[in-house]
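Counting in the working numbering, the sequence shown runs without a single skipped number right up to 872 at its last residue.
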Amino acid sequence: MTESGFTFRVSVQALARFCCQRGDLNPATERSPTAREGQAGHQRLQAQRPPHYQREQAISLEFQGQLCRWTLAGRMDGLAQTAEETLVEEIKTTYCSAATLPPEQQTVHRAQARLYAAMLCQHQDLARVRVQLTYLKLDDDTTFAFDETESRDSLLALLGDCRQQYTRWLDAHCRHLQRRNPALERAGFPFASYRPGQRSLSVALYRALRDGHSGLYHAPTGLGKTLATLFPALKHLGAGTVRQIWYLTAKNSGHNSVRQALSRLNEGLPLRLLYLQARERQCAGCSPDPATPCPARQQYFDRLPAAREAFQLHHRFHEAELAALARKYRLCPHQLSRDLLPWVDLVVADYNYVFDPYSRLVDSSGHPRQIAVLLDEAHNLPERAREMFSEDLALARLTTLRRRVTDAPLKRRLGRLQRTLRAIISEPPAHLTEATVEQLGLTAQAVLDWFSGETWLLFPEELFEAIMGLWRFAQKAHQATTEDALITWEAPPRIELFCPDPAPHLDRVRAELHSCHYFSGSLLPSEFFQRSISRSPLPTQLVLPSPFPPRHQCTLVAPINTRYGQREQSVPRITGLLQALWRLRPGRYLMAAPSYHYLNAIVAPLVAAAELPLLLQPQTRDAAQRQAFLQALAQPAYLAGVIAGGLFAEGIDLEQVKLDGVIIIGTCQPPPSPQRALIHQHYDSDGQRGFDFAYRYPGLNKVIQTAGRLIRSEQDRGLVLLVDDRFCHSGHQALLPAHWQPQIVQNSQDLARCLKAFGRE
Numbered sequence: 112m113t114e115s116g117f118t119f120r121v122s123v124q125a126l127a128r129f130c131c132q133r134g135d136l137n138p139a140t141e142r143s144p145t146a147r148e149g150q151a152g153h154q155r156l157q158a159q160r161p162p163h164y165q166r167e168q169a170i171s172l173e174f175q176g177q178l179c180r181w182t183l184a185g186r187m188d189g190l191a192q193t194a195e196e197t198l199v200e201e202i203k204t205t206y207c208s209a210a211t212l213p214p215e216q217q218t219v220h221r222a223q224a225r226l227y228a229a230m231l232c233q234h235q236d237l238a239r240v241r242v243q244l245t246y247l248k249l250d251d252d253t254t255f256a257f258d259e260t261e262s263r264d265s266l267l268a269l270l271g272d273c274r275q276q277y278t279r280w281l282d283a284h285c286r287h288l289q290r291r292n293p294a295l296e297r298a299g300f301p302f303a304s305y306r307p308g309q310r311s312l313s314v315a316l317y318r319a320l321r322d323g324h325s326g327l328y329h330a331p332t333g334l335g336k337t338l339a340t341l342f343p344a345l346k347h348l349g350a351g352t353v354r355q356i357w358y359l360t361a362k363n364s365g366h367n368s369v370r371q372a373l374s375r376l377n378e379g380l381p382l383r384l385l386y387l388q389a390r391e392r393q394c395a396g397c398s399p400d401p402a403t404p405c406p407a408r409q410q411y412f413d414r415l416p417a418a419r420e421a422f423q424l425h426h427r428f429h430e431a432e433l434a435a436l437a438r439k440y441r442l443c444p445h446q447l448s449r450d451l452l453p454w455v456d457l458v459v460a461d462y463n464y465v466f467d468p469y470s471r472l473v474d475s476s477g478h479p480r481q482i483a484v485l486l487d488e489a490h491n492l493p494e495r496a497r498e499m500f501s502e503d504l505a506l507a508r509l510t511t512l513r514r515r516v517t518d519a520p521l522k523r524r525l526g527r528l529q530r531t532l533r534a535i536i537s538e539p540p541a542h543l544t545e546a547t548v549e550q551l552g553l554t555a556q557a558v559l560d561w562f563s564g565e566t567w568l569l570f571p572e573e574l575f576e577a578i579m580g581l582w583r584f585a586q587k588a589h590q591a592t593t594e595d596a597l598i599t600w601e602a603p604p605r606i607e608l609f610c611p612d613p614a615p616h617l618d619r620v621r622a623e624l625h626s627c628h629y630f631s632g633s634l635l636p637s638e639f640f641q642r643s644i645s646r647s648p649l650p651t652q653l654v655l656p657s658p659f660p661p662r663h664q665c666t667l668v669a670p671i672n673t674r675y676g677q678r679e680q681s682v683p684r685i686t687g688l689l690q691a692l693w694r695l696r697p698g699r700y701l702m703a704a705p706s707y708h709y710l711n712a713i714v715a716p717l718v719a720a721a722e723l724p725l726l727l728q729p730q731t732r733d734a735a736q737r738q739a740f741l742q743a744l745a746q747p748a749y750l751a752g753v754i755a756g757g758l759f760a761e762g763i764d765l766e767q768v769k770l771d772g773v774i775i776i777g778t779c780q781p782p783p784s785p786q787r788a789l790i791h792q793h794y795d796s797d798g799q800r801g802f803d804f805a806y807r808y809p810g811l812n813k814v815i816q817t818a819g820r821l822i823r824s825e826q827d828r829g830l831v832l833l834v835d836d837r838f839c840h841s842g843h844q845a846l847l848p849a850h851w852q853p854q855i856v857q858n859s860q861d862l863a864r865c866l867k868a869f870g871r872e
């Protein structure tokens, strides 16, 4: 914001889409070129133009509204001026032919080309301009074009209409900002005092946002980190330091903490929110069959302008308002949330909408460098990021694809790709080289090029999934670096492009944003998460103690060998320990084990003895069974068995369930695998402790996260029982939170003594 009002910068493409897009919302049935493919295609075509042809010519115009000033800017792909004529060329890359190109796309592309020509008329006072829209078909490098000469009056009429529409829209948006910003400035912290450590977190994040720095914050459970991070971020939103806040969670259940925090701040705060969700959750009744198109997608862009105008009347916009708007104007709620994305204040979403190359929506806001990202439960990010930047390709999928197609050239291309994969699997390269990556990418791309004009959604599901998997793999191959790795599997035969170190990828994304702030109740050890998230130290780092007195938690260690080879022998000692605990102190206990097999082995003798009530985590994803298990946790006494690192061990809020204890079997280290071996090797070569990065640190983090289910309020007290002899070692104990102060119990007498002492405190 300046003295003359709010300022905005708008791309020519964004203006064309906003003002000129009409017709149906078509499903993404054709493969779209990637940014890399598009750039390379532009350069190939521009290189063929005559010497006087000027590439990538920047152009801009400024406009003034009642409350704002905005700049329309872009780059003309081509400008050629002679004594006879002026040519403005807009180049688009595609995999469609002239016959299959969606008319809705063509309308927007043509408007974009005409807007560039109109801007040039304004700058140079031209009487007419030849406008050429050229499509480069990437699979065979052929072109088709739409060419017409337009008068100055015709072009300026389009520009004037778009300017008027967009200025009116921006002025309406500014009226929302005029109401929002003072309200955020006046908003006070919703409680009379901060919890211990809560103000330190809030102040540290406020200063980091002010300075444009990113940060890493270890904020233990119970500190109130959602409120402590949102409050300073909203203050900076009101001050104009940032234009939008993205609050990221690892699971949809994390959305509830944001709802609660905002309701505590001020129920009537004039904030526009979006909770981004997958299409299946928002459009549950929408048929995937193209033969029965969804009515909400037909003429979608014809009805969208009226819905946008109605949106501007809402200074407070939440989930209910989005649903009502979609119903009233018969619009797809999933797409509507995407179209309103640039105009909301706060976005609550999954990690993948910022970091995943295939789900990334943060760029759709139009101003990524003015976006502050708050990332909750950041201990999940390293593993989630590895998944985002890795991909595999199974030979069986190619075999299925080759068997189902009838086109001879396609069969030959698939055969070449199959042979390439078999050769790599039979003789795996010692290191992933650029030549191997290029060979895989180009061979996969050759297959994909055949599908360029096909409607993928019309294929049988099995075939469609095979093509999409091939597309994802080809793109990962293009993006892979020599720091990534190639894993080969013989049974069943497949290869995997694996990302052992996500930090460089995360660094690239963060560099495009205002700042990223990573926080969690278990970011220990700090060095592990710092290096896993970023190649260089983040400017702001904060480790806060637990907000609750250490005496509220009794931490005990039972030195039982739970290593994989000793698990069968450990079962009698563990069950004896559990029975002794129950006799001494019955209550509500959560027990986390590393696997279902181990959990069942421990529970079996307890079931036979029928001495204590048992609950077991369901092994399926059935929502009804999950809900039944959660409801059962309200019972007055039980031993509930769950899987360490799973949903029930750390992914749900048990604030309403007051546990008496958490029992953790083992160190929760991930089992050995080719992927873990590569992580070990990578960090060793980088001068880090490779074994710790691959195994020990991730395991201990699960231990800390699971134990965090116990003390969640000032009234909570209870026991953390660590069952593994490795917790007796100083190397492991040094990595545990300082306030745990573990005591070793060798037998039931030690257990009784420690519990008695804890009861007296």
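Don't be surprised by glycine CBs; every beta carbon is placed ideally from N, CA and C. All of these numbers come straight from a predicted model, not from anything done at the bench.
- Residue burial annotation: Pro-782 is exposed, with fewer than 16 other C-beta atoms found within 10 angstroms of its C-beta.
- Counting only runs that start and end inside the region 166-215, the beta strand (DSSP E) elements of at least 3 residues fall at 179-192 and 197-205.
- With fewer than 16 other Cβ atoms from the protein chains shown falling within 10 Å of its own Cβ, Gln-177 counts as exposed.
- In this structure, Arg-828 keeps its C-beta atom at 8 Å or more from the C-beta atom of His-625.
- In this structure, the beta-carbon distance from Leu-190 to Val-199 falls below 8 Å.
- Along the region 783-860, the beta strand (DSSP E) occurs as fully enclosed runs of 3 or more residues at 829-834, listed in sequence order.
- Nearest Cα to Leu-846 within the set Gln-738, Thr-778, Ala-863 and Gln-857: Thr-778.
- At a cut-off of 4 residues, the continuous stretches assigned as alpha helix (DSSP H) that sit fully inside the region 357-440 are 366-376, 390-393, 411-422 and 430-439.
- Shown here, Gln-243 sits in a strand according to DSSP, grouped into three states.
- Boundaries of the beta strand (DSSP E) around Cys-665: 664-669.
- Annotation for Pro-343: the continuous alpha helix (DSSP H) segment containing it runs 336-350.
- When DSSP reads this structure, Pro-604 sits in a beta bridge with Glu-601.
- Distances from the alpha-carbon of Glu-420 to those of Ala-431, His-445, Trp-454 and Ala-715 put Trp-454 closest.
- Residue burial is scored here from C-beta neighbours: Lys-336 has at least 16 other C-beta atoms within 10 angstroms and is therefore classed as buried.
- With fewer than 16 other Cβ atoms from the protein chains shown falling within 10 Å of its own Cβ, Ser-824 counts as exposed.
- Of Cys-285, Leu-266 and His-234, the smallest CA-CA separation from Gln-223 is found for Leu-266.
- Beta-bridge annotation (DSSP): Leu-701 is paired with Ala-751 and Val-773.
- Annotated three-state conformation of Ala-691 is helix, per DSSP.
- Taking C-alpha positions only, Gln-124 is separated from Ala-146 by approximately 15 Å.
- Under the three-state reduction of DSSP, Thr-510 is assigned to helix.
- Distances from the alpha-carbon of Arg-318 to those of Thr-340, Pro-307, Thr-332 and Phe-302 put Thr-340 closest.
- Classified as exposed, Pro-660 has fewer than 16 neighbouring CB atoms from the shown chains inside 10 Å of its CB.
- The straight-line gap separating the alpha-carbon atoms of Leu-384 and Ala-602 is approximately 48 Å.
- According to DSSP, Phe-257 shares a beta bridge with Leu-244.
- Collapsing the DSSP output to three states places Ser-122 in a strand.
- Between Ala-298 and Leu-373, the CB-CB gap reaches or exceeds 8 Å.
- Taking Leu-710 as reference, the option from Ile-774, Thr-666 and Val-831 with the minimal CA-CA separation is Ile-774.
- Comparing alpha-carbon positions, the option among Leu-504, Leu-866, Arg-837 and Ala-755 lying closest to Ile-815 turns out to be Ala-755.
- Between Ile-535 and Thr-593 a beta carbon distance of about 16 Å is seen, past the 8 Å cut, so the two are scored as non-contacting.
- For the region 275-323, not one full-length beta strand (DSSP E) segment reaches 3 residues or more.
- The C-beta separation of Gly-326 from Pro-658 comes to about 19 Å, leaving the pair out of contact by the 8 Å criterion.
- Looking from the CA of Ala-350, the closest CA among Trp-181, Pro-848, Ser-637 and Glu-296 belongs to Glu-296.
- Here Phe-412 really is in contact with Arg-133; their C-beta atoms are around 5 Å apart, less than 8 Å.
- Around the beta carbon of Arg-837, 16 or more other beta carbons sit within 10 angstroms, so the residue counts as buried.
- In the three-state reduction of the DSSP assignment, Leu-725 falls in the strand class.
- By the Cβ test, the region 474-487 is in contact with the region 445-454, since at least three Cβ pairs between them sit closer than 8 Å.
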